[in-house]
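Comments concern the structure below.
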Amino acid sequence: MKTLPISRYRFFQKLQPLSLLKKITGKSVTGCLQVFSTSGSWSIYIEEGKLIYACYSEKMFEPLYRNLQRLSQQISTLPCEIHKQLQAIFETGIENQAIPNPDYLAICWLVSQKYISPLQAAMLIEQLALEVLESFLDLEEGSYEFIGESFLDDMPKFCHLNLRLLVEQCQKGSPYPEDFQSSVHREQRSQFSHQIQPKTEPPQSRRNSNQAAGYSNHFVSQQIKTADSSYQQTSRPSIDKKTYTIFCINDSPAILNVIKNFLDEQIFLAIGVTDSLTALMEILRTKPDIILLDVDMPNLNGYELCSLLRKHSYFKNTPVIMVARKTSLIDRARGKFVRASGYLNKPFTQGDLLKIIFQHIV
-4 MKTLPISRYR
6 FFQKLQPLSL
16 LKKITGKSVT
26 GCLQVFSTSG
36 SWSIYIEEGK
46 LIYACYSEKM
56 FEPLYRNLQR
66 LSQQISTLPC
76 EIHKQLQAIF
86 ETGIENQAIP
96 NPDYLAICWL
106 VSQKYISPLQ
116 AAMLIEQLAL
126 EVLESFLDLE
136 EGSYEFIGES
146 FLDDMPKFCH
156 LNLRLLVEQC
166 QKGSPYPEDF
176 QSSVHREQRS
186 QFSHQIQPKT
196 EPPQSRRNSN
206 QAAGYSNHFV
216 SQQIKTADSS
226 YQQTSRPSID
236 KKTYTIFCIN
246 DSPAILNVIK
256 NFLDEQIFLA
266 IGVTDSLTAL
276 MEILRTKPDI
286 ILLDVDMPNL
296 NGYELCSLLR
306 KHSYFKNTPV
316 IMVARKTSLI
326 DRARGKFVRA
336 SGYLNKPFTQ
346 GDLLKIIFQH
356 IV
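Rendered as structure tokens:
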């Protein structure tokens, strides 16, 4: 991975957390600040100077479950026992670190399953960031590095938070004051206010400016509630779909078994086929959500099969991932020509497989 000029310090030293955060707030800064101490490690993910996620290694899922429990009292689509399901699905990869950032994958899954909306995911990430930053600001000694590439690079992004405002909120005290208004909601309010604001204001209307402002704030609040409510109502029918069908075509039964073992059956239904000639009919019958195609198949190779699939109206937009031992410029050109969605290089880890799948289902 590429390391940027913020430098890397392997040996523990006195740290100034605020100074470190200031270095990563520039518009050109994208990557992950990793800070290590004797008590654990912090990861702060930045995109163009804005925070997109933050986590603490020793308490990765605890704050997520706690905030989801609070959200479940406000969101009808979110079961109060959702943490047990997340525990069974995502915490299995923590012990051997097979899955990087399983907590972020869990949030992506909650959105893809319509348990929460993208806006609610943004607010959840903001609350988690406040907790992480609160402990980070108390750090006195440790080591750090800034990595220009991270697991989140190609993942869905739900928010771009102002790091300075988050730090100011942490310095004021508890990350959950009653009068604290989420910056995500503030952004939504700003957008709605901009939409309803008239271009010119007649002089006589200024006398009632306070009354108008009060009405506007009430209207904006109602708009936000209505938008969120509308999302939940339209999402309810989709909650029944708990699994994604992953269709794998590979002439090696061993690789098919590896893929099946990597995919949790609570989320995915993995179908494996070793013959590319019979695979086409099976794909038409099952209509999978994602197709994994081995490039070097006998009889009908992955590129030829992908080309045939794209000619069918139903599969014009279905994600087709080419699985290859190595990917040259010629391979990528061929993949682009047949409109492949991406590449998965062999050998791959569970994290590699889940990352490319979540890129296309969320």
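31 is the number that this note's numbering gives to position 36 of the sequence shown; each next residue is one higher, with no gaps.
Ideal Cβ positions, reconstructed from N, Cα and C, are used throughout, including at glycine.
Can you tell me where the beta strand (DSSP E) with residue i in it begins and where it stops?
| i | result |
| --- | --- |
| residue 31 | 26 to 31 |
| residue 266 | 263 to 268 |
| residue 42 | 36 to 42 |
| residue 289 | 285 to 289 |
| residue 49 | 45 to 51 |
I'd like the list of long-range same chain contacts for residue i, defined as Cβ closer than 6 Å, with 5 residues on each side in sequence excluded.
| i | result |
| --- | --- |
| residue 411 | The chain is shown only over -4 to 357; residue 411 falls outside these bounds and no answer can be derived. |
| residue 42 | 25 |
| residue 110 | 72, 73 |
| residue 185 | Note that residue 185 scores a pLDDT of 43, beneath 50, so its modelled location is shaky and nothing firm can be said. |
| residue 217 | Only weak support exists for where residue 217 lies, its pLDDT of 42 falling under 50; the coordinates are left without a value. |
| residue 58 | 123, 126 |
| residue 283 | 240, 242 |
| residue 200 | Since pLDDT at residue 200 reaches only 41, below the 50 mark, its modelled position is unreliable, and the value read off the structure follows with that caveat. Result list for residue 200: empty, nothing under 6 Å. |
| residue 277 | 268 |
| residue 31 | 137, 138 |
| residue 102 | 116 |
List the endpoints of the continuous alpha helix (DSSP H) containing residue i.
| i | result |
| --- | --- |
| residue 247 | First-last for residue 247: undefined, no H or E at that position. |
| residue 16 | 12 to 18 |
| residue 312 | That residue, residue 312, is in no alpha helix (DSSP H); it is neither H nor E in DSSP. |
| residue 86 | Here residue 86 belongs to no alpha helix (DSSP H), and DSSP marks it neither H nor E. |
| residue 69 | Premise fails: residue 69 is in no alpha helix (DSSP H) and is neither H nor E. |
| residue 165 | 158 to 167 |
Between residue i and residue j, how many whole angstroms is the CB-CB distance? I'm expecting something under 8 Å.
| i | j | result |
| --- | --- | --- |
| residue 158 | residue 16 | 6 Å |
| residue 326 | residue 292 | Contact doesn't hold; Cβ gap of about 14 Å is too wide. |
| residue 121 | residue 156 | 6 Å |
| residue 37 | residue 48 | With 8 Å as the limit, residue 37 and residue 48 do not qualify as a contact, their Cβ atoms being about 12 Å apart. |
| residue 27 | residue 145 | 4 Å |
| residue 238 | residue 263 | 6 Å |
| residue 345 | residue 257 | 4 Å |
| residue 165 | residue 128 | 5 Å |
| residue 163 | residue 8 | Rounded, the Cβ-Cβ distance is 26 Å, inconsistent with contact. |
| residue 12 | residue 132 | 5 Å |
| residue 298 | residue 329 | 5 Å |
| residue 140 | residue 261 | About 35 Å separates the two Cβ atoms, so there is no contact after all. |
| residue 287 | residue 253 | With 8 Å as the limit, residue 287 and residue 253 do not qualify as a contact, their Cβ atoms being about 11 Å apart. |
Can you list, in chain order, the residues of its chain with a C-beta nearer than 8 Å to that of residue i? Leave out the 5 residues immediately preceding and following it.
| i | result |
| --- | --- |
| residue 64 | 75, 78 |
| residue 130 | 37, 51 |
| residue 106 | 112, 113, 116, 151, 153, 357 |
Starting from the C-beta of residue i, find all residues in its chain whose C-beta is less than 7 Å away, skip the five residues before and the five after it, and write them out in chain order.
| i | result |
| --- | --- |
| residue 336 | 314, 315, 316, 355 |
| residue 310 | 304 |
| residue 259 | 84 |
| residue 347 | 339 |
| residue 351 | 316, 337, 339 |
| residue 308 | none |
| residue 250 | none |
request  = Specify whether the segment 148 to 156 and the segment 64 to 83 touch according to this definition: at least 3 beta carbon pairs, one from each stretch, less than 8 Å apart.
outcome  = The segment 148 to 156, when compared against the segment 64 to 83, does not touch it at the 8 Å Cβ threshold.
query = Going along the chain, which unbroken runs of the alpha helix (DSSP H) with 4 or more residues stay wholly within the segment 105 to 135?
reply = As far as the segment 105 to 135 is concerned, its whole alpha helix (DSSP H) runs of at least 4 residues are 113 to 131.
query = When the Cβ atoms of the segment 242 to 262 are set against those of the segment 277 to 293, are three or more pairs found closer than 8 Å?
reply = Contact holds: three or more Cβ-Cβ distances are below 8 Å.
Complete alpha helix (DSSP H) runs within the segment 271 to 357 (minimum length 4 residues, chain order) = Runs found: 271 to 281, 297 to 305, 324 to 332, 345 to 356.
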